[in-house]
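Student: Take a look at this one; I'll ask things after.
Protein chains in written order, with my numbering: chain A, 7 to 243; chain B, 7 to 243.
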């Protein structure tokens, strides 16, 4: 968490969020009014936050960075349509792409693409089209929301599209609950990844390497992923 | 800055980094040995950090997230080739893409692409190819290193490629030195952006909206960018 996120929560009269994220900041919530919301209630939560912010200091909590698949855009949309003149600040955070990357080593390092496999708000055909273009860029691709009870096969389809554009030895990292209780990291290859899909869930972030990404042996037992930035073409080291 | 980044710097005996980034953490450096390096010396800096880390606690400082166009990958590469058994931790941070986005409002919100316009380590033809694929995805694209003394025209070319795929009213945000002294924000459109290129420098991050991104009037005078996530197709608000 950034120092600014902590300050903003501490200065708030009222904190609204999904219970999962509120639990992670529980020590900061003492003495505050807290409204626990649930998945799928984002529009109601945003509306409530904007209404309450007319008279009180309200903090809306998201996991990772609120601007990336988080609450920032819906809060700003609701505020904009309301016509209310309420000051608002979006506090950036560490998004799952770079949190997961740091646990794997340095798989992103340069250009990369972020795509969610959730088709709740984007049609699946459009997601498939984006995946094809993203993998043909040859840069690492980070998949958010790779799997949920309602969507068992999205990750398998995405890995299949990746395999049309990238070699079978391309490294793939699964990072579940990065920096949270129950963190689990799997490093495999594009060829082997379909057999490991069971290890991903809705809290996982998947990093599929690009051209040049390679598996890196971290100490004796662990593996990670490095995507060289290209220094090796210019320097000896 | 995250709490973990602060802890790691505080626990280090020796801190190595580009002078620009060391200055930003000056209050944390009292009583520590500090090695100031300069732009273009990344390989030497990584090599020095790995050697010194055999006997001391060394922190290598990057701006933003060290895993994204930062020092993490070159440090891990040098460490890997050295064969030394030195424990290493990559501490994630807030990368310029989401820092800039938060100052603009919520322009990313869903899928997005990150591309650097620096051709120091990637051939320019390859960057152009990636830009074409990225803009044809129709999602927001964040440009790092948009301009430097040696590269005056890269941003103009990138905006031209964007204009082949996106409508002229597509919002474009220039964010210079997000959250730093001298911060400056410009919100314009793809049609008008070429005339504003002089406002970008090597410390700027450029956010080019996707299909659906729109300019948002922040209060009386300021403008921002929102990319709706798609709730408007499912809910009334």
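Just so it is clear, CB atoms sit at the ideal spot from N, CA and C, and this is done for glycine as well.
(1) Can you name, in chain order, every residue of its own chain whose Cβ lies under 8 Å from the Cβ of residue 206 of chain A, other than the five neighbours on each side?
(2) Just to confirm the assignment, what range does the beta strand (DSSP E) spanning residue 150 of chain A have?
(3) Got a sec? Which residues, its chain only, sit under 6 Å from residue 217 of chain A by beta carbon, not counting five neighbours each side?
(4) Residue 83 of chain B touches chain A at which residues, Cβ-Cβ below 9 Å?
(5) For the region 171-190 of chain A, list every residue whose C-beta sits within 9 Å of some C-beta in chain B, in sequence order.
(6) Pick from A:239, A:193 and A:123: whose alpha carbon is nearest that of residue 167 of chain A?
(7) If we define contact as Cβ-Cβ less than 7 Å, is residue 142 of chain A a contact residue for chain B?
(8) Which runs of the beta strand (DSSP E) fall wholly inside the region 151-205 of chain B and span at least 3 residues, in chain order?
(9) Measure the alpha-carbon distance for residue 184 of chain A versus residue 201 of chain B and round it to whole angstroms.
(10) Could you check where the alpha helix (DSSP H) with residue 104 of chain A kicks off and where it finishes?
(11) Going straight from the alpha carbon of residue 225 of chain A to that of residue 72 of chain A, what length do you get?
(12) Counting pairs of Cβ atoms below 8 Å between the region 230-237 of chain A and the region 29-39 of chain B, do you hit three or more?
(13) If the cut-off is 7 Å on Cβ atoms, which residues from the region 59-82 of chain A count as contacting chain B, listed in chain order?
(14) How many angstroms separate the CA atom of residue 214 of chain B from the CA atom of residue 102 of chain B?
(15) Between A:18, A:22, A:195 and A:149, which has its C-alpha nearest residue 169 of chain A's C-alpha?
(16) Could you check the C-alpha separation between residue 34 of chain A and residue 22 of chain A for me, to the nearest Å?
(17) Rounding to the nearest angstrom, what Cα-Cα distance links residue 115 of chain A and residue 78 of chain B in this structure?
(18) Report the CB separation of residue 148 of chain B from residue 141 of chain B in whole angstroms; it is logged as a contact under 8 Å.
(19) Using a C-beta cutoff of 7 Å, does residue 136 of chain A count as contacting chain B?
(20) Out of A:109, A:7, A:48 and A:210, point me to the one whose CA is closest to residue 30 of chain A's CA.
(21) Compute the distance between the beta-carbons of residue 177 of chain A and residue 221 of chain A, then report whether it is under 7 Å.
(22) Say whether chain B places a C-beta atom closer than 7 Å to the C-beta of residue 121 of chain A.
(23) In the DSSP assignment, what are the bridge partners of residue 55 of chain B?
(24) Report the three-state DSSP secondary structure of residue 135 of chain A (helix, strand or coil).
(25) For residue 84 of chain B and residue 94 of chain B, what's the separation of their Cα atoms in angstroms?
(26) At 3 residues or longer, and completely inside the region 7-92 of chain A: list those beta strand (DSSP E) runs for me, N to C.
(27) Does any CB atom of chain A fall closer than 7 Å to the CB of residue 210 of chain B?
(28) On the DSSP bridge list, what partners appear for residue 232 of chain A?
(29) Thinking C-alpha only, which one of B:157, B:90, B:240 and B:10 is nearest residue 55 of chain B?
(30) Quick one: which chain A residues come within Cβ less than 8 Å of residue 225 of chain B?
(31) Which residue marks the beginning of the beta strand (DSSP E) containing residue 120 of chain A, and which one marks its end?
(32) By how many angstroms is the C-alpha of residue 203 of chain A removed from the C-alpha of residue 158 of chain A?
(33) Would you decide whether residue 129 of chain A is buried or exposed? Buried here means 16 or more other CB atoms lie within 10 Å of its CB.
(34) List the endpoints of the continuous beta strand (DSSP E) containing residue 128 of chain B.
(35) Label residue 17 of chain B either buried or exposed according to how many other C-beta atoms from any shown protein chain fall within 10 Å of its C-beta, with 16 as the threshold for buried.
(36) Establish whether the CB of residue 98 of chain A and some CB of chain B are separated by less than 7 Å.
Tutor: Walking through what the data contain:
(1) 152, 153, 161, 180, 182 and 212
(2) 147-150
(3) 144
(4) 112, 222, 232, 234, 235, 237, 238 and 243
(5) 184 and 185
(6) A:123
(7) yes
(8) 177-182 and 190-195
(9) 43 Å
(10) 102-110
(11) 34 Å
(12) no
(13) 71, 73, 74, 75, 78, 79, 80 and 82
(14) 14 Å
(15) A:195
(16) 13 Å
(17) 7 Å
(18) Not confirmed; about 12 Å, so no contact.
(19) yes
(20) A:7
(21) yes
(22) yes
(23) None, per the DSSP bridge assignment.
(24) helix
(25) 12 Å
(26) 20-24, 39-43 and 64-67
(27) no
(28) A:112 and A:220
(29) B:90
(30) 91 and 93
(31) 118-122
(32) 9 Å
(33) exposed
(34) First-last for residue 128 of chain B: undefined, no H or E at that position.
(35) exposed
(36) yes
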